[in-house]
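Undergrad:
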Amino acid sequence: MDQEYENILVPMDGSKESELALGRAVAVAKRNGKAHIDVLNVIDTRAMAYNFAGMSDGSIAYQLVDKSKQYLDDVLKRVKDKENFDNIDIHIRLGNPKTIIAFDFVRDHHNDMIMMGASGLSRMQRAIMGSVTSYVKRNAPVDVLVVYRGFPANRS
Numbered sequence: 001m002d003q004e005y006e007n008i009l010v011p012m013d014g015s016k017e018s019e020l021a022l023g024r025a026v027a028v029a030k031r032n033g034k035a036h037i038d039v040l041n042v043i044d045t046r047a048m049a050y051n052f053a054g055m056s057d058g059s060i061a062y063q064l065v066d067k068s069k070q071y072l073d074d075v076l077k078r079v080k081d082k083e084n085f086d087n088i089d090i091h092i093r094l095g096n097p098k099t100i101i102a103f104d105f106v107r108d109h110h111n112d113m114i115m116m117g118a119s120g121l122s123r124m125q126r127a128i129m130g131s132v133t134s135y136v137k138r139n140a141p142v143d144v145l146v147v148y149r150g151f152p153a154n155r156s
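Written out as C-alpha cells, the structure reads:
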C-alpha cells in the first residue's frame, strides 16, 4: 500500500536543492489529492550572533525577516502561477534550523513528511555548524525525503 502524505514540510534556504525539493513536493501533493504544503525558512540566530559578534541591535533580525518574507512571497507566487497549486502556506521562524525543522515545526503543524534539499550550506559552513539535512533525517519523527541536485555520483 502506498503512503499518502497530507501535510508536507519543505524547508527553504534559497539553495537550488531547496527549490528542487519544493517542485517535487508540489508533484507529490498533487498526486496525493492536493495535500497541503508548508514552506519554512528558518533564520539561524546562532549564525547571526556568530557573524555579528553578538553586537546586533535587533534591526538586523528585522532586516533578515523582511528579506525572508520577500523570498517566500516570490516562491509562493511562482508556485501558484506556474504550478497552479494554492494549498500552500509560508512560515518564518528564528532559531536553530535543526531542531525547528526536525521537531518544533512538525509538532506544531502536524506534518507527516519533510521534503528538503541535500544541503544549502557551503562545505565550510557544514564543517562549522553541521549539516541540517543530516540532523533532520536522523532525528525527525516523520518521513524525510532528501532531494539532490544531480545524480548520486555528483553529490558534494
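Start counting the sequence shown at 1; every next residue gets the next number (UniProt numbering). Glycine residues also receive a C-beta, built at the ideal position from the N, C-alpha and C atoms. Bear in mind the structure is a predicted one, so any value in this text is a computation, not a measurement.
1. Return the residue from the list R138, A61, F85, N139 that minimises the CA-CA distance to R24.
2. Please report the residue range of the beta strand (DSSP E) in which G117 lies.
3. With respect to the beta strand (DSSP E) encompassing V42, which residues constitute its N-terminal and C-terminal limits?
4. Mapping the DSSP letters down to three states, classify P11 as helix, strand or coil.
5. How about D38 and L9: are their beta carbons less than 7 Å apart?
6. Between which two residues does the alpha helix (DSSP H) containing I60 stretch?
7. Within its chain, find whatever has a CB closer than 6 Å to the CB of L94; leave out the 5 residues flanking it on each side and keep chain order.
8. Check whether the Cβ atoms of A118 and Y148 lie closer than 7 Å to each other.
9. Let me make sure I understand the geometry here. Which of L76, T99, K98 has the alpha-carbon closest to that of I90?
10. Classify S68: buried if its beta carbon has 16 or more other beta carbons within 10 angstroms, exposed otherwise.
11. So if DSSP puts V146 in a beta bridge, which residue, or which two residues, is it bridged to?
12. Looking at the secondary structure, which residues open and close the alpha helix (DSSP H) in which H109 lies?
13. Which residue or residues does DSSP assign as beta-bridge partners of G95?
14. Please look up how many angstroms separate the CB atoms of T133 and M115, rounded, as I've assumed it's under 8 Å.
15. Please state if the CB of A102 and the CB of N41 are separated by a distance shorter than 7 Å.
TA: Judging by the given coordinates:
1. On the sequence shown, residue 24 is found 24 positions in, with the first residue counted as 1. Out of R138, A61, F85, N139, F85 has the C-alpha closest to the C-alpha of R24.
2. Against the sequence shown, residue 117 aligns to sequence position 117. 113 to 117 is the span of the beta strand (DSSP E), which, as asked, contains G117.
3. Taking the sequence shown and counting its residues from 1, one reaches residue 42 at position 42. Counting along the chain, the beta strand (DSSP E) containing V42 begins and ends at 36 to 44.
4. Along the sequence shown, one-based indexing puts residue 11 at 11. Strand, per DSSP.
5. Position 38 of the sequence shown, counting from 1, holds the residue named residue 38. Position 9 of the sequence shown, counting from 1, holds the residue named residue 9. Yes. Within cutoff.
6. Counting from one through the sequence shown, the residue named residue 60 turns up at place 60. 59 to 82 is the extent of the alpha helix (DSSP H) around I60.
7. As a first step, residue 94 must be located in the sequence shown, where it is residue number 94. Counting only Cβ-Cβ distances below 6 Å, and skipping sequence neighbours, we find I43, T45.
8. Within the sequence shown, the letter at position 118 stands for residue 118. Within the sequence shown, the letter at position 148 stands for residue 148. Yes, these two residues count as a Cβ contact at 7 Å.
9. For the purposes of this step, residue 90 is taken as residue 90 along the sequence shown, with counting starting at 1. Comparing Cα positions, the closest option is L76.
10. Position 68 of the sequence shown, counting from 1, holds the residue named residue 68. S68 should be labelled buried.
11. On the sequence shown, residue 146 is found 146 positions in, with the first residue counted as 1. DSSP, once it has assigned bridges, lists M116 as partnering V146.
12. In the sequence shown, counting from the first residue as 1, residue 109 sits at position 109. Looking at the DSSP string, the run of the alpha helix (DSSP H) that includes H109 is 105 to 109.
13. What you label residue 95 is simply residue 95 of the sequence shown in a count that begins at 1. Note: G95 sits in a beta bridge opposite D44.
14. Within the sequence shown, residue 133 is the residue found at index 133, counting from 1. Within the sequence shown, residue 115 is the residue found at index 115, counting from 1. Between M115 and T133 the Cβ distance is about 11 Å, and since that is not below 8 Å, they are no contact.
15. Taking the sequence shown and counting its residues from 1, one reaches residue 41 at position 41. Taking the sequence shown and counting its residues from 1, one reaches residue 102 at position 102. The answer is no: Cβ separation not under 7 Å.
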